[in-house]
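A short worksheet on the structure shown next.
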Amino acid sequence: MIALGCDHGGFEIKETIKVYLDNQNIEYKDFGVYNCDSVDYPSIAKTVCDCVVSGECEKALLFCGTGVGMSIAANKIKGIRAACCSDSFSAKYTRLHNDSNVLCLGGRVVGAGLATELVDLFINTSFEGGRHQTRVDQITEIENKN
Ligand code: RB5
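Numbering (my numbering), first residue to last: 99 to 244.
This is the structure:
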């Protein structure tokens, strides 16, 4: 199960990604928003990320104008490793090396085709583990000490 959330800047791209998820028969839970009215993104990031931390959803996709605000907010939540990506290499390697559990995209940055490719890579790439697990553990250690 994938959790989805957006603000007004990410609404349209979220809807585009839902079509991709439907076509792939990937289950998702859409936490909104459901239109382009201006809203504050931090609370949406929190709601969506809580769903990942609780284990109800395996990963999350967050969308705002740049993807940056959502990623900053998401990374404040214990257990979240959010990556803001606008290139395929990063979307793939943040799964392989960082075991990222949240992908943040900017609706004003990426078009529909690239956004779909980034989501596809993020969902279908597995964490490599090994030396990268040690590094992720070190991130968790920093998180736990702060
Ligand atoms: C909203 O205008 C915009 O600031 C927001 O979508 C996001 O880009 C913040 O990082």
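Cβ coordinates follow ideal geometry from the N, Cα and C atoms, glycine included.
Apply the 10 Å Cβ neighbour rule to residue i and answer buried if 16 or more other Cβ atoms are within range, or exposed otherwise.
| i | result |
| --- | --- |
| F161 | buried |
| G167 | buried |
| K112 | buried |
| N199 | buried |
| R229 | exposed |
| I237 | exposed |
With C-beta atoms as the reference, is residue i less than 9 Å away from residue j?
| i | j | result |
| --- | --- | --- |
| Y139 | D105 | yes |
| A189 | A181 | yes |
| C149 | E110 | no |
| F225 | L201 | no |
| V217 | Y118 | yes |
| T114 | F129 | no |
Sort out for me which residues DSSP pairs residue i with in a bridge.
| i | result |
| --- | --- |
| A158 | A101, V200 |
| A143 | Partner(s): none; A143 has no beta bridge. |
| A180 | V200 |
Next item on the list: Determine contact between the segment 203-217 and the segment 163-176, defined as no fewer than three beta-carbon pairs at a distance below 8 Å.
Entry: yes
Check: Of all the alpha helix (DSSP H) runs that stay within the bounds of the segment 102-140, which reach a length of 4 or more residues?
Finding: 109-121
Note to self: Across the segment 143-161 and the segment 100-114, are there enough close Cβ pairs to call them in contact, namely three or more that are closer than 8 Å?
What the structure shows: yes
Item checked: Whole runs of the alpha helix (DSSP H) within the segment 193-239, excluding any shorter than 4 residues -> 210-222
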